[in-house]
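In my numbering, the protein residues as written are 257 to 672.
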C-alpha cells in the first residue's frame with residue numbers, strides 16, 4: 257500500500273457483500289435472471305398472494321424535504337409503539353410510548369447506535385450468528401465482546417439456565433443475539449423466551465435482541481398470529497433491560513427503504529438518539545412518513561400471513577432438496593428464510609463451505625460460506641480453521657423460480 261493510503265486500515269466485508277462482489281467478477285447482476293442468489297439477505301419484494309398491495313409511489317411533502325429528527329419522526333415512533341402494544345401487550349399495565357422508540361436508517365445503523373452507547377461491560381454474543389456483528393463488535397472499544405459457543409449436535413439449543421450460568425460466570429452486562437437466529441433459524445420463543453427475559457431482569461443484564469425475522473416463524477400457538485417478540489414478556493417497559501431491533505427490512509419486505517427501529521427503556525432510547533446525532537444524523541424523512549400506514553394492525557396481519565404461506569412452501573422445498581443432495585441439516589429452521597447446512601459429506605471440493613461457494617459460482621448460484629458466521633471481533637481467537645468451515649448458508653429469500661433453478665444446478669454440480 258502506498259504511503260498516501262497507509263493511514264487507513266483494511267476494512268473487511270460482511271459475508272453477503274463478499275460473495276456478491278465475487279459473483280460480480282463473473283458477471284452477476286441483480287437484474288440478470290440467469291443467476292440464482294441464495295446468498296441474499298433479503299426476501300423477495302414482489303406481490304405475494306393475500307398480501308397488501310406493494311407501495312409503488314411515495315408522496316413527498318415540502319416539509320419532508322428537511323432533516324428528520326435524529327430520534328425519528330414522532331408519528332412513526334407512535335405507530336411503532338402502538339403496534340407493539342397491540343401485538344404483544346394487550347391488557348398489560350405498562351405500555352410502550354413514542355419515547356420508547358428510536359428510528360434509524362437501516363438495521364446496521366440501529367445496532368451501531370446501540371454499540372456506541374454501551375459502557376465498559378462484558379458483552380456476550382453467540383456463535384454462529386449474523387456476520388455484520390463481527391466488525392460492529394470490534395470497532396467500539398468501550399465494551400469487551402465474549403463469544404458463547406452453540407453446538408449443532410444439540411440443535412443450537414441454549415436454555416434460560418444456560419443463559420444464567422453464562423451471565424453470572426462471565427460477568428455479562430449485555431448479551432447480543434438474533435432471534436430467530438441468522439443463520440441457523442433457531443428460535444427462542446414462548447415460555448423459554450419468557451424465562452430469558454426473567455433472567456435478564458433478575459440479573460440486570462441487558463438483552464439486545466435483533467428481531468428482524470420475527471414474522472418468519474414456522475410454528476406458533478393455535479389462534480395466535482405467528483409473530484414473536486421479547487416485548488410480550490417485559491413487565492415494565494422503562495425498567496426491564498430488554499432492547500429490541502426490527503424494521504421494514506424483512507418483516508414488511510421493504511429492505512430498500514432503510515427504515516428500522518429500536519425499542520426499549522426511555523433512558524436507553526435517549527442514549528441511542530445521542531449516538532445517532534454524531535454517527536448517522538437520522539433516517540429519511542419522506543420514507544419514515546410513508547411507513548406509518550404500513551404499521552396498521554390489519555396491514556401487518558395480512559402481510560405476515562402472506563409471508564407465512566409463501567415462505568413455508570419455499571422452506572420445505574429447500575430442506576427436502578438439500579437433504580437429497582447430501583447436505584446435513586443440524587436443525588430445520590424454526591424461523592428466518594435460511595437453511596444452515598453441513599456439506600462435509602459431499603465430494604471434494606464441495607465438502608468445504610468456501611469450496612462449495614466457488615464451485616456454485618461457476619453454475620451462477622450464490623451461497624454464503626459458513627465461516628463468515630464465526631463471529632470473531634478483532635480476529636482475537638487464534639487459528640485459521642473456522643468451526644463452521646464445512647457449513648453453507650442457503651437463502652430461500654428469492655422467488656420460487658430462482659430456487660428451482662439453483663437446486664437443478666446444484667444437483668448437476670454434485671452429480672458431476
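We treat Cβ as the ideally placed atom computed from N, Cα and C, and that holds for glycine.
Self-check item: Candidates 504, 377, 466, 631: closest to residue 426 by CA position
Solution: Closest option to residue 426, judged by alpha-carbon separation, among 504, 377, 466, 631: 377.
Exercise. Identify whether residue 624 lies in helix, strand or coil by the three-state DSSP scheme.
Key: Strand at residue 624.
Exercise. Decide if residue 373 is buried, meaning its Cβ has at least 16 other Cβ atoms within 10 Å, or exposed.
Key: Flag for residue 373 reads buried.
Quiz item: Using CA coordinates, which residue listed in 444, 368, 285 is at the minimum distance from residue 474?
Solution: Nearest neighbour of residue 474 by Cα position, chosen from 444, 368, 285, turns out to be 444.
Self-check item: CA-to-CA distance, residue 603 to residue 629, given in whole angstroms
Solution: Rounded to whole angstroms, the gap between the alpha carbons of residue 629 and residue 603 is 23 Å.
Exercise. For residue 314, count neighbouring C-beta atoms within 10 Å of its own C-beta (all shown protein chains included) and say buried if the count is 16 or more, exposed if not.
Key: Counting Cβ neighbours within 10 Å, residue 314 comes out exposed, since fewer than 16 surround it.
Quiz item: When burial is assigned at 16 or more other CB atoms within 10 Å of the CB, is residue 329 buried or exposed?
Solution: With 16 or more other Cβ atoms within 10 Å, it is buried.
Quiz item: When you compare only the Cα positions, how much space is there between residue 257 and residue 274?
Solution: Its pLDDT being 42, under 50, residue 257 is placed unreliably in this model, and the coordinates cannot settle the point.
Exercise. Give me whichever residues DSSP pairs with residue 431 in a beta bridge.
Key: As a beta-bridge residue in DSSP terms, residue 431 pairs with 380, 463.
Quiz item: Considering residue 340, what are the terminal residues of the alpha helix (DSSP H) in which it resides?
Solution: Per DSSP, residue 340 is one residue of the alpha helix (DSSP H) stretching across 330 to 344.
Quiz item: Closest Cβ-Cβ distance between residue 615 and chain C: below 7 Å?
Solution: The chain inventory of the structure shown lacks chain C, comprising one protein chain alone.
Quiz item: Does DSSP classify residue 633 as helix, strand or coil?
Solution: In the structure shown, residue 633 falls within a helical segment according to DSSP collapsed to helix, strand and coil.
Practice problem: With DSSP as the reference, please indicate the residues paired to residue 503 in a beta bridge. | Solution: Under the DSSP definition of a beta bridge, residue 503 partners with 516.
Quiz item: Under a three-way DSSP split, which group does residue 478 fall into?
Solution: Residue state for residue 478 is assigned as coil, using DSSP reduced to three classes.
Quiz prompt | residue 654 to residue 292 span [Cα, whole Å] | solution = When rounded, the distance between both Cα atoms is 8 Å.
Practice problem: Give me the Cα-Cα distance between residue 300 and residue 576, rounded to the nearest whole angstrom. | Solution: Distance between the alpha carbons of residue 300 and residue 576 is about 21 Å.
Practice problem: Compare the beta carbon distance of residue 462 and residue 430 with 7 Å and say whether it is the shorter of the two. | Solution: Taking 7 Å as the cut-off, the Cβ atoms of residue 462 and residue 430 count as close.
Quiz item: How long is the line joining the alpha carbons of residue 381 and residue 541, rounded to whole angstroms?
Solution: Each residue's alpha carbon lies about 33 Å from the other.
Quiz item: Do residue 501 and residue 536 have their C-beta atoms closer together than 7 Å?
Solution: For residue 501 and residue 536, no; Cβs fall outside 7 Å.
Quiz item: In terms of alpha-carbon separation, which member of 486, 410, 359 lies closest to residue 528?
Solution: Among 486, 410, 359, the Cα nearest to that of residue 528 is on 359.
Exercise. Give every residue of the same chain whose Cβ lies closer than 7 Å to the Cβ of residue 471, excluding the five residues on either side of it in the sequence, and list them in chain order.
Key: Same-chain partners within the cutoff: 483, 507, 560, 563.
Quiz item: Looking at the structure shown, is residue 270 part of a helix, part of a strand, or coil, going by DSSP?
Solution: Correct three-state label for residue 270: coil.
Quiz item: residue 366 and residue 517 look like a contact to me (Cβ under 8 Å); what is the Cβ gap, rounded to whole Å?
Solution: The pair is a contact, with the Cβ atoms about 7 Å apart (cut-off 8 Å).
Self-check item: Stretch pair the stretch 589 to 604 + the stretch 645 to 653: three plus CB contacts closer than 8 Å
Solution: Note that the stretch 589 to 604 touches the stretch 645 to 653; at least 3 beta-carbon pairs, one per stretch, sit closer than 8 Å.
Quiz item: I think residue 538 touches residue 468, with their Cβ atoms under 8 Å apart; what is that distance to the nearest whole Å?
Solution: In fact, because the Cβ distance is near 20 Å, the residues do not count as touching under 8 Å.
Quiz prompt | Pair within 7 Å by beta-carbon distance, residue 648 and residue 612 | solution = Contact flag set, yes.
Quiz item: Is it a yes or a no for the stretch 381 to 400 touching the stretch 263 to 270, going by three-plus beta-carbon pairs under 8 Å?
Solution: Because the criterion of three Cβ pairs below 8 Å is met, the stretch 381 to 400 and the stretch 263 to 270 touch.
Quiz item: Whose C-alpha, out of 626, 643, 618, 297, is nearest the C-alpha of residue 672?
Solution: Of all alpha-carbon atoms in 626, 643, 618, 297, the one lying nearest the alpha-carbon of residue 672 is that of 618.
Quiz item: In three-state DSSP terms, what is residue 405?
Solution: Residue 405: strand per DSSP, three-state reduction.
Quiz prompt | Distance CB(residue 631)-CB(residue 383) smaller than 7 Å | solution = Taking the C-beta atoms as reference points, residue 383 is found nearer than 7 Å to residue 631.
Quiz item: Would the stretch 433 to 443 and the stretch 402 to 414 be scored as touching if the rule is three or more Cβ pairs under 8 Å?
Solution: Contact between the stretch 433 to 443 and the stretch 402 to 414 is present, because at least three Cβ pairs lie under 8 Å.
Quiz prompt | Counted within 10 angstroms of its Cβ, other Cβ atoms place residue 331 as buried (16 or more) or exposed | solution = Around the beta carbon of residue 331, fewer than 16 other beta carbons sit within 10 angstroms, so the residue counts as exposed.
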